[in-house]
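Letter by letter, the sequence shown follows residues 1 to 298 in our numbering.
Beta carbons: idealized from backbone N, C-alpha and C, even for Gly.
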Amino acid sequence: MDKIIIEARVNELAPRDGNPNVPFLPSEIIRDAKACYDEGASILHYHGRTAEGAPEHAADFYLETNAGVRALCPMLLHPTLGYVANDADALGRFAAVEEMMKDPTTAPDFAPMDVGSVNVDWWNPEEVKFDTTDLIYKNSTGTLMHFAERIRHHGLKQYLVSWNVSSTRQIEAFMQMGVVPEPAYVCFCLTDGIMLAGHPGTPEGLDAHITFLPKDRRIVWTVVNYKGNLLLLAEKIIEAGGHISIGLGDYPFTELGQPTNAEVIAKVVEIARSLGREPATVEETREILAMEKVRVAA
Ligand code: ZN
Numbered sequence: 001m002d003k004i005i006i007e008a009r010v011n012e013l014a015p016r017d018g019n020p021n022v023p024f025l026p027s028e029i030i031r032d033a034k035a036c037y038d039e040g041a042s043i044l045h046y047h048g049r050t051a052e053g054a055p056e057h058a059a060d061f062y063l064e065t066n067a068g069v070r071a072l073c074p075m076l077l078h079p080t081l082g083y084v085a086n087d088a089d090a091l092g093r094f095a096a097v098e099e100m101m102k103d104p105t106t107a108p109d110f111a112p113m114d115v116g117s118v119n120v121d122w123w124n125p126e127e128v129k130f131d132t133t134d135l136i137y138k139n140s141t142g143t144l145m146h147f148a149e150r151i152r153h154h155g156l157k158q159y160l161v162s163w164n165v166s167s168t169r170q171i172e173a174f175m176q177m178g179v180v181p182e183p184a185y186v187c188f189c190l191t192d193g194i195m196l197a198g199h200p201g202t203p204e205g206l207d208a209h210i211t212f213l214p215k216d217r218r219i220v221w222t223v224v225n226y227k228g229n230l231l232l233l234a235e236k237i238i239e240a241g242g243h244i245s246i247g248l249g250d251y252p253f254t255e256l257g258q259p260t261n262a263e264v265i266a267k268v269v270e271i272a273r274s275l276g277r278e279p280a281t282v283e284e285t286r287e288i289l290a291m292e293k294v295r296v297a298a
C-alpha cells in the first residue's frame with residue numbers, strides 16, 4: 001500500500017485551556033513544524049494567531065512563518081486563507097497567498113478550497129445551546145473558482161476540503177469542468193463535539209464520504225476530525241488507504257496527557273507502522289499528489 005501522508009494541523013483557532021502546547025506565534029509554529037517533520041509529518045497546516053490567540057491575517061505573519069520553516073526543513077506548507085475569521089471577498093481572502101508568492105522562500109505548496117458553505121457555530125452540548133448563532137463559512141462557487149484559478153496559476157496544489165457529500169459532488173463537477181485537475185487531493189472534514197457542520201467523526205461518517213467518492217476519478221483522500229479525536233479512526237483510515245491530517249488545532253488529545261503536536265504525529269506514525277504503512281517523505285508526498293513546481297512571480 002502507498003505510504004501515508006501525514007499532515008500536522010498545529011493550531012487552527014484552538015484555545016490553550018484544553019492543552020497549553022497549541023502554538024500561536026511564528027516562532028512557536030516554526031519550532032512545532034520542525035518537531036512534527038522530525039516525527040514523520042510531511043505537510044504543515046497552520047493559522048496566523050496573535051500572542052493572545054486571536055486570528056491574525058497580516059501577510060507578514062505568513063511570510064515570517066513560511067520562511068522560518070523553510071530554513072529548518074523541507075516540509076510542504078499549507079497555510080490557511082483565514083477560515084471564517086477572514087470574511088473578505090475572494091481577492092481579499094487570497095491576498096496573503098499572492099504576497100507569499102513573491103519569493104521562493106515564502107511561497108507555500110498548497111492553498112485551500114473549502115468546498116461549500118456551512119454553518120460553523122459552536123454547539124454547547126453541556127448546556128444544550130449554541131454559543132454562537134451567526135458563524136457562516138461562506139464559499140460561493142465563484143469564490144472557489146477564483147481560488148482554483150489562482151492556485152493553478154502559481155503551480156500550487158489545490159487542497160480541497162469536503163464537509164459532506166454535497167461538497168464532494170461539487171468537487172466532481174469541478175473535475176468534469178477541468179477546474180480541478182487529477183489527482184485531486186480531498187480532505188474529508190469530519191466534525192465532533194462543538195462542531196456539527198461535517199459528518200460525525202465515526203466509522204459511519206467516514207464510510208458515507210468514501211461511498212460517494214466518484215469511482216472514475218483519481219482522488220487521493222485524507223481525513224480531519226475537527227473538534228474530535230481522529231486517533232480513534234486512524235486504524236480504519238490507514239487500512240482503507242487514506243491519509244491523516246491531525247494536530248492540536250483540531251483537538252487537545254488529553255487522552256494522551258498534554259501532548260505536543262509532535263507527540264500526536266508520533267502516535268499516528270506508530271499506528272501506521274503497526275499496519276504496514278511508512279510515513280511518506282516530502283518527496284514521496286509530492287509524487288503521490290503529482291505536485292508541480294511552484295511558480296514564483298519574477
Ligand atoms: Zn485550518
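- Message: Could you check whether the Cβ of threonine 80 sits closer than 7 Å to any heavy atom belonging to ligand 1?
- Response: yes
- Message: Let's test the definition: count the other Cβ atoms within 10 Å of the Cβ of glutamate 182 and tell me whether it reaches 16, buried, or not, exposed.
- Response: exposed
- Would you mind reading off the limits of the beta strand (DSSP E) that contains glutamine 258? Premise fails: glutamine 258 is in no beta strand (DSSP E) and is neither H nor E.
- Query: With distances taken from CA atoms, which of Glu239, Thr260 and Trp221 is nearest serine 245?
  - Reply: Trp221
- Residue of Asp2, Glu12 and Arg152 minimising C-alpha distance to valine 224: Glu12
- Heavy atom of ligand 1 less than 7 Å from the Cβ of histidine 57, yes or no? no
- Below 8 Å, can you find three or more Cβ-Cβ pairs linking the segment 242-260 to the segment 138-150? no
- Under 8 Å between the Cβ atoms of methionine 1 and isoleucine 43? no
- Where does serine 162 fall in DSSP's three states? strand
- Secondary structure of methionine 113, DSSP reduced to three states: strand
- Would the beta-carbon of tyrosine 83 be found less than 7 Å away from any heavy atom of ligand 1? yes
- Query: Is it the case that the CB of glutamate 12 approaches a heavy atom of ligand 1 more closely than 7 Å?
  - Reply: yes
- Message: Tell me whether histidine 153, by its Cβ, gets closer than 7 Å to a heavy atom of ligand 1.
- Response: no
- Quick one: what does DSSP say glutamate 172 is sitting in, helix, strand or coil? helix
- When DSSP builds the beta bridges, which residues end up paired with phenylalanine 188? Ser162 and Val223
- How would you call glutamine 176, buried or exposed, if buried means at least 16 neighbouring beta carbons within 10 angstroms? exposed
- Message: Alpha carbons only, please: which of Arg217, Val180 and Ile238 is nearest the one belonging to leucine 206?
- Response: Ile238
- Message: For the beta strand (DSSP E) containing glutamate 7, name the first residue and the last one.
- Response: 6-9
- Message: Less than 7 Å separating the Cβ of histidine 47 from some heavy atom of ligand 1?
- Response: yes
- Message: Excluding the 5 residues flanking glycine 18 on each side, which residues of the same chain have their C-beta closer than 6 Å to its C-beta?
- Response: Pro252
- Task: Please classify serine 167: does DSSP put it in a helix, a strand, or coil?
- Result: helix
- Taking three-plus beta-carbon pairs below 8 Å as touching, is the segment 85-95 in contact with the segment 277-294? no
- Query: What separation, rounded to the nearest whole angstrom, lies between the Cα atoms of glutamate 292 and leucine 156?
  - Reply: 7 Å
- Ends of the alpha helix (DSSP H) at serine 140? Counting along the chain, serine 140 falls outside any alpha helix (DSSP H), and DSSP gives it neither H nor E.
- Pull up the distance between the alpha-carbon of threonine 260 and that of alanine 59, whole angstroms please. 26 Å
- Task: Report buried or exposed for leucine 275, applying the criterion of at least 16 other Cβ atoms within 10 angstroms of its Cβ.
- Result: exposed
- Task: Identify, in the order they occur along the chain, each residue of the same chain with its Cβ nearer than 6 Å to the Cβ of alanine 262, setting aside the five sequence neighbours on each side.
- Result: Ala35, Cys36 and Glu39
- Query: To the nearest angstrom, how far is it from the Cα of asparagine 86 to the Cα of tryptophan 122?
  - Reply: 17 Å
- Message: If distances are taken between C-alpha atoms only, which option among Thr211, Val128 and Phe130 comes closest to valine 165?
- Response: Thr211
- Using DSSP with H/G/I as helix, E/B as strand and the rest coil, what is histidine 209? helix
- Are there 16 or more other CB atoms within 10 angstroms of the CB of glutamate 255, so buried, or fewer, so exposed? exposed
- Item | Member of Met101, Tyr62 and Leu230 whose CA lies at the smallest distance from the CA of isoleucine 271 | Leu230
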